[in-house]
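Per our numbering, the sequence shown starts with residue 513, numbered consecutively.
Note that CB positions come from ideal geometry on N, CA and C, so glycine has one too.
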Amino acid sequence: MATLRTLFLFISLLSLSLISTQSFANSQTQGGQFQQSGRYQVHYMALSSTFLTPQVAMAYNIKRSRYNAFVNISVLDTLIDGNPAVKANITGKAVNLTGNTRQLTFKEVIEGNAIYYIAELPFRNEERFTIQINSSNKDGLNSRVSFKQQFYADQ
Numbered sequence: 513m514a515t516l517r518t519l520f521l522f523i524s525l526l527s528l529s530l531i532s533t534q535s536f537a538n539s540q541t542q543g544g545q546f547q548q549s550g551r552y553q554v555h556y557m558a559l560s561s562t563f564l565t566p567q568v569a570m571a572y573n574i575k576r577s578r579y580n581a582f583v584n585i586s587v588l589d590t591l592i593d594g595n596p597a598v599k600a601n602i603t604g605k606a607v608n609l610t611g612n613t614r615q616l617t618f619k620e621v622i623e624g625n626a627i628y629y630i631a632e633l634p635f636r637n638e639e640r641f642t643i644q645i646n647s648s649n650k651d652g653l654n655s656r657v658s659f660k661q662q663f664y665a666d667q
């Protein structure tokens, strides 16, 4: 059951990232929604929470609102066959164009072999952020990812 939920969430989030114009633009300019850091790939995305179904939002305790986004981070080990997800310490912040900073509080989600980290980010319509993510672990991961994302309130 957990594997099916993981697959459903992964497919849902992947589909949404392809639908999201901004995510697609980031993908084209940055070579994908991940950054290579030594043996690790740090995958990232940020979307409006309204892209989630009510069931998925409830399952992950994400407030579904036209003024709320979520940031999703996962770390894969590329030196191990199958590139499995690994645990990491994830911290981050989002800085808007006026310099206001919002600290991101990530919660770890483990379902089967999937490990990912989710943080919520409230926003105002058309608000643009530079999102900075720091990830580390005991096995040498020490990465900083920075990307820009603009959010729009659904009508």
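Same chain only: Cβ atoms within 8 Å of residue i, ignoring 5 sequence neighbours per side
i           : result
residue 648 : 600, 601, 654, 655
residue 542 : Unreliable positioning characterises residue 542 in this predicted model, as indicated by a pLDDT of 43, which lies under 50. The coordinate reading is nonetheless provided below. If we look at residue 542 and ignore the five residues flanking it on each side, its Cβ neighbours are 659.
residue 538 : Since pLDDT at residue 538 reaches only 40, below the 50 mark, its modelled position is unreliable, and the value read off the structure follows with that caveat. Excluding positions up to five away in sequence, the list reads 545, 659, 660, 661.
Rounded C-alpha distance that separates residue i from residue j
i           : j           : result
residue 629 : residue 571 : 14 Å
residue 536 : residue 588 : Caution applies to residue 536, whose pLDDT of 39 falls short of 50 and renders its modelled position unreliable; the value that the coordinates give is listed next. Taking the straight line from one Cα to the other gives about 21 Å.
residue 639 : residue 617 : 19 Å
residue 651 : residue 642 : 28 Å
residue 534 : residue 591 : For residue 534, the predicted model reports a pLDDT of 42, less than 50, meaning its position is unreliable and no value from the coordinates is stated.
residue 593 : residue 664 : 39 Å
residue 619 : residue 551 : 23 Å
residue 615 : residue 637 : 19 Å
Beta-carbon proximity list for residue i, same chain, < 7 Å, skipping 5 on both sides
i           : result
residue 625 : 596, 597
residue 576 : 561, 562, 564, 566, 569
residue 549 : 653, 655
Cβ separation of residue i and residue j, assumed to be a contact under 8 Å, to the nearest whole Å
i           : j           : result
residue 562 : residue 666 : 5 Å
residue 632 : residue 584 : Not confirmed; about 11 Å, so no contact.
residue 604 : residue 645 : 4 Å
residue 586 : residue 627 : 7 Å
Member of the options whose CA lies at the smallest distance from the CA of residue i
i           : options            : result
residue 546 : 607, 658, 662      : 658
residue 635 : 594, 582, 620      : 582
residue 661 : 594, 606, 615, 619 : 606
Cut-off 6 Å between Cβ atoms - residues of its own chain near residue i, not counting five sequence neighbours on either side
i           : result
residue 578 : 562, 665, 666
Contact the region 608 to 628 vs the region 556 to 566: 3+ CB pairs below 8 Å: no
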